[in-house]
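Notes follow once the structure below has been shown.
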Amino acid sequence: RSRRYRIKLSGDGSTFSDAALAILRAHLHDRMTEEEYKEPKLSFESDHEPESVKTIPIMKEGRAALEKINGEMGLGFDDFDLDYYTDLFREKLGRDPTDVECFDMGQSNSEHSRHWFFGGKMIIDGVEKQNTLFQMVKDTLPKDK
Numbered sequence: 001r002s003r004r005y006r007i008k009l010s011g012d013g014s015t016f017s018d019a020a021l022a023i024l025r026a027h028l029h030d031r032m033t034e035e036e037y038k039e040p041k042l043s044f045e046s047d048h049e050p051e052s053v054k055t056i057p058i059m060k061e062g063r064a065a066l067e068k069i070n071g072e073m074g075l076g077f078d079d080f081d082l083d084y085y086t087d088l089f090r091e092k093l094g095r096d097p098t099d100v101e102c103f104d105m106g107q108s109n110s111e112h113s114r115h116w117f118f119g120g121k122m123i124i125d126g127v128e129k130q131n132t133l134f135q136m137v138k139d140t141l142p143k144d145k
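Right, dumping it as structure tokens:
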């Protein structure tokens, strides 16, 4: 999906300053998920070939295979995750996972996706804090008037 903006300035020949453009970009464009095209695109075709989906040999190699892909892809699996996913695929599903599934599990398991983590009690040095992490983050946002 692409979006195009046409911004018409007053007829006095004014242009946007770099600072004004930066502010405009910040409001119109998410730099994490969108790209600004400074020149018109003739095509969205790419010569890039996607990598093939790889099977992670848990059935043959066990947890070691998951540990290897965890290190290679930076999935952030801890010991509990490694044991849980090894058991899930070997014992319950009876098949090897793909690297795509492992990446998805890593993203789903990251702390920013663990709402129970951010919504839970905050105890620092044995003292329970009044707000959860979610509430602390929300407090930094402007309030509606």
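Mapping of the sequence shown onto full-length UniProt numbering: residues 1 to 145, in sequence order.
Glycine included, C-beta positions come from ideal geometry on N, C-alpha and C.
All of these numbers come straight from a predicted model, not from anything done at the bench.
If you drop the 5 nearest sequence neighbours on each side, which residues of the same chain put their C-beta closer than 8 Å to that of residue i?
i, result
"Gly76", "Asn70, Gly106, Asn109 and Ser110"
"Phe103", "Met73 and Leu75"
"Thr132", "Phe118, Gly119, Gly120, Lys121 and Met122"
What residues match up with residue i in a beta bridge as DSSP calls it?
i, result
"Ile124", "Val127"
"Thr15", "Per DSSP, none; premise fails for Thr15."
"Thr98", "Thr55"
Run the CB neighbour count on residue i, radius 10 Å, all protein chains shown included, and call it buried at 16 or more, exposed below.
i, result
"Ile58", "buried"
"Phe134", "exposed"
"Phe16", "exposed"
"Thr33", "exposed"
"Thr140", "exposed"
Would you check if the distance between the CB atom of residue i and the CB atom of residue j is smaller than 9 Å?
i, j, result
"His29", "Glu36", "yes"
"Gly62", "Arg95", "no"
#### Entry: Meets three-Cβ-pair contact criterion under 8 Å: the region 95 to 106 and the region 51 to 66
Because the criterion of three Cβ pairs below 8 Å is met, the region 95 to 106 and the region 51 to 66 touch.
### Message
Under 8 Å, with one C-beta from each stretch per pair, do the region 58 to 66 and the region 78 to 95 reach the 3-pair mark?
### Response
The region 58 to 66 is in contact with the region 78 to 95.
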